[in-house]
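Take 85 as the starting number for the sequence shown in my numbering and just add one per residue. For glycine and all other residues, C-beta sits at the position ideal for the given N, C-alpha and C. Notes for the one structure printed next.
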Amino acid sequence: MPKTYVAFFDLDNTIFRVNSGKLMVEHALENGLMKRKDIFRTALLSFAYRLSLISAEMIMAKMSALLKGTSEKEMVQFSRKLFDEKLKEYIRADMVEEIRRHRENGGLTVILSASTTYMCKPVVEYLGMDDLVCSEMEVQDGLLTGRPKGAYCYGTEKVHRLYAYCQEHGFNPETAWYYADSHSDIPVLEIIGHPVCVSPDARLAAVARERSWAVIR
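Encoded structure:
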């Protein structure tokens, strides 16, 4: 059956009931991918972000730098193990049902997330989704360089990615769906035909009420 529209899904706090970043850091410490000093730096970055002292893009850049020299093969294996052992149990049953419904109705199902390819791909494969649009990390000679590849897929960058994806694949954003939880996704939610707020944060919930957007809690 040809795909007649596209349904995009955020990952953290949408498909997952949690933010995978915290579990990723714990798993990295347990498996030797990060040292304790790296965990401390990560905690400081997270605290600074919550105080609006640094941007999400800066966090992505600094987190990428911590993984400089890690083999891509090791990163793929690490992410798969993290998903199988910890993240899989946090998948929301209602999002599984939404993905199934869209597939049965002729929709292309795509993760649109600030998370990296390494985090998103196991989810796409496990849930039988069609594609992913996310942040990428630069690789040279099989090793992570410690730099992001291209722009961080966050905020307005998600808008650019969504428009580009729809144009490339022949979809109309006015018939598209997007499931997301955060106020940072408002730029995306307001340019598509079917915005759905999943357990939205306070700022997104207020906008959803004002604009009569669908809400799943």
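Checklist entry - Are the Cβ atoms of L95 and V207 separated by less than 9 Å? => result Stepping through the sequence shown from its first residue, residue 95 is reached at position 11. Stepping through the sequence shown from its first residue, residue 207 is reached at position 123. The answer is yes: Cβ separation under 9 Å.
Checklist entry - Per DSSP, Q224 forms a beta bridge with which residues? => result Residue 224 sits at position 140 when you count from the first residue of the sequence shown. For Q224, which the question treats as bridged, DSSP gives the partners L227.
Checklist entry - With a CB to CB cut of under 6 Å and the five nearest residues on each side skipped, what residues in its chain are close to E222? => result Position 138 of the sequence shown, counting from 1, holds the residue named residue 222. Here the set comprises T229, R231 and K233.
Item to check | Rounded straight-line distance, which links the Cα of I138 to that of K146 | outcome: The residue given as residue 146 occupies position 62 in the sequence shown. The residue given as residue 138 occupies position 54 in the sequence shown. Those two C-alpha atoms are separated by around 11 Å.
Checklist entry - Per DSSP, D215 is paired with what? => result By 1-based counting over the sequence shown, the position of residue 215 is 131. Answer is V194, bridged to D215.
Next on the checklist: I believe F92 touches L196 by the beta-carbon criterion, under 8 Å. Please report the beta-carbon distance rounded to the nearest angstrom.
Outcome noted: As a first step, residue 92 must be located in the sequence shown, where it is residue number 8. As a first step, residue 196 must be located in the sequence shown, where it is residue number 112. Confirmed, Cβ separation roughly 4 Å.
Item to check | K205 to E169 span [Cα, whole Å] | outcome: By 1-based counting over the sequence shown, the position of residue 205 is 121. By 1-based counting over the sequence shown, the position of residue 169 is 85. Their Cα atoms are separated by approximately 15 Å.
Checklist entry - Among T201, V180, M203 and Y202, which residue has its Cα nearest to the Cα of T193? => result Reading the sequence shown from its first residue, position 109 is the one you call residue 193. Residue V180 is the option with its Cα nearest to T193.
Checklist entry - When burial is assigned at 16 or more other CB atoms within 10 Å of the CB, is K172 buried or exposed? => result Start at 1 with the first residue of the sequence shown, and residue 172 comes out as number 88. Under this definition K172 is an exposed residue.
Next on the checklist: Taking the straight line between their C-alpha atoms, what separation do you get for A290 and V299?
Outcome noted: Against the sequence shown, residue 290 aligns to sequence position 206. Against the sequence shown, residue 299 aligns to sequence position 215. Distance between the alpha carbons of A290 and V299: 11 Å.
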